[in-house]
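Those protein sequences? They're chains P and C, same order as listed.
Just so we're aligned: 74 in this note's numbering is position 74 of the first sequence, and the numbers increase by one with no gaps anywhere.
One gets this note's numbering by counting positions in the second sequence from 1 and adding 1000 to each.
Think of the CB as a built atom: it goes at the ideal place given N, C-alpha and C, for glycine as much as any other residue.
First the structure, in the form of structure tokens, and then the observations on it.
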Amino acid sequence: AQSVAQPEDQVNVAEGNPLTVKCTYSVSGNPYLFWYVQYPNRGLQFLLKYITGDNLVKGSYGFEAEFNKSQTSFHLKKPSALVSDSALYFCAVRDTRDSNYQLIWGAGTKLIIKP
Amino acid sequence: EAQVTQNPRYLITVTGKKLTVTCSQNMNHEYMSWYRQDPGLGLRQIYYSMNVEVTDKGDVPEGYKVSRKEKRNFPLILESPSPNQTSLYFCASRGVWTGELFFGEGSRLTVL
Chain P
1 AQSVAQPEDQ
11 VNVAEGNPLT
21 VKCTYSVSGN
31 PYLFWYVQYP
41 NRGLQFLLKY
51 ITGDNLVKGS
61 YGFEAEFNKS
71 QTSFHLKKPS
81 ALVSDSALYF
91 CAVRDTRDSN
101 YQLIWGAGTK
111 LIIKP
Chain C
1001 EAQVTQNPRY
1011 LITVTGKKLT
1021 VTCSQNMNHE
1031 YMSWYRQDPG
1041 LGLRQIYYSM
1051 NVEVTDKGDV
1061 PEGYKVSRKE
1071 KRNFPLILES
1081 PSPNQTSLYF
1091 CASRGVWTGE
1101 LFFGEGSRLT
1111 VL
């Protein structure tokens, strides 16, 4: 079955430290991978995506993510966390074999950055 | 400015009183979708539309209807709302060949 797992409900990081939000996936075809962020009382915003090419992709607000095909992972990272990064983060995957290009969503990870 | 606009943003209603949540996008996107977000359950897709007059059920379509008569609009209709439809609803759109979804700001619905 196709799925996306975000194994941590919540991640706590001190401001200035590096952060990682984990995502693993399972699809039958090749994946297109996405990260979205949801700030309190807001809609989701696109952060970054992997389609093809370089496994390390850079996105908005200084975030990056690394596609690891062998581990079927797409972890979100940032070298130095800001308090303003505190939000809910969603990983999503599209199976390229799906002709309707539907997204499969992870359950979300709450990121808390402490001053 | 490219955006997806939902209305109303907040609504309290009573069981059985029909309501419509409107969604409009100004990006000429073919694809539109409705999601609901509930604590601990993440995002669940209700309905989606690949283009005008083409709609399909998502994961949780029961109790909802949609229509896509125009490319820019994709209203969500609750014919007879029930308390289990109390939730935060999001409309989203994207181009057929592009990856990222653009989301509205959300509509928080409470059914008493």
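Quiz item: Interface residues of chain P around MET1050 (chain C) at Cβ under 9 Å?
Solution: Correct list: ASN100, TYR101.
Self-check item: DSSP state of GLY16 (chain P) mapped onto helix, strand, coil
Solution: Note: GLY16 (chain P) maps to coil in three-state DSSP.
Quiz item: Can you pull the DSSP bridge partners for ASP95 (chain P)?
Solution: P:PRO31
Practice problem: Please determine, among C:GLY1099, C:ASN1084, C:SER1107, the residue with the shortest C-alpha to C-alpha distance to PRO1075 (chain C). | Solution: It is C:SER1107.
Self-check item: Own chain partners of TYR32 (chain P) with C-beta closer than 6 Å, once the 5 adjacent residues on each side are dropped
Solution: ILE51, ARG94
Practice problem: May I ask you to report which of helix, strand or coil DSSP gives GLN6 (chain P)? | Solution: If DSSP states are grouped into helix, strand and coil, GLN6 (chain P) belongs with coil.
Quiz item: With burial defined as no fewer than 16 other Cβ atoms inside 10 Å of the residue's Cβ, what is the status of LEU111 (chain P): buried or exposed?
Solution: buried
Quiz item: Which residues, taken in chain order from the region 1094-1112 of chain C, show a beta carbon closer than 8 Å to some beta carbon of chain P?
Solution: VAL1096, GLY1099, GLU1100, LEU1101, PHE1102, PHE1103, GLY1104, GLU1105, GLY1106
Practice problem: Leaving out five residues on either side along the sequence, give the residues of the same chain with a beta carbon under 7 Å from the beta carbon of VAL4 (chain P). | Solution: So the list reads CYS23, TYR25, CYS91, ALA92, VAL93, ILE104, TRP105, GLY106, once near-sequence residues are dropped.
Quiz item: Within the present structure, is the beta-carbon of THR1055 (chain C) separated from the nearest heavy atom of the ligand SAM by less than 6 Å?
Solution: This structure does not include the ligand SAM; it has no bound ligands of any sort.
Practice problem: Specify the secondary structure class of ASN1026 (chain C) as computed by DSSP and reduced to three states. | Solution: coil
Quiz item: Does any C-beta atom of chain C lie closer than 7 Å to the C-beta of LYS58 (chain P)?
Solution: no
Quiz item: Is TYR1082 (chain C) helix, strand or coil when you go by DSSP?
Solution: The amino acid at residue 1082 (chain C) is misidentified as Tyr; the sequence shows Ser. Reduced to three states, the DSSP call for SER1082 (chain C) is coil.
Self-check item: Buried or exposed (CB count within 10 angstroms, at least 16 for buried), LYS116 (chain P)
Solution: Past the edges of chain P, shown from 1 to 115, lies residue 116 (chain P), and the structure says nothing about it.
Quiz item: Is there contact here, the region 42-58 of chain P with the region 3-19 of chain P, by at least three beta-carbon pairs under 8 Å?
Solution: no
Self-check item: Proximal residues of chain P, C-beta to C-beta of LEU1076 (chain C) below 7 Å
Solution: What LEU1076 (chain C) touches in chain P: nothing, since even the nearest Cβ is about 15 Å away.
Practice problem: Please state if the CB of LEU76 (chain P) and the CB of PHE1103 (chain C) are separated by a distance shorter than 7 Å. | Solution: no
Quiz item: What number of angstroms, rounded off, separates the C-alpha of THR1015 (chain C) from the C-alpha of GLY1095 (chain C)?
Solution: Inter-residue distance for THR1015 (chain C) and GLY1095 (chain C) is about 36 Å (C-alpha atoms, whole angstroms).
Quiz item: Can you tell me whether DSSP reads ASP1059 (chain C) as helix, strand or coil?
Solution: coil
Practice problem: Find out if the Cβ-Cβ distance for the pair ILE113 (chain P), VAL11 (chain P) is shorter than 7 Å. | Solution: no
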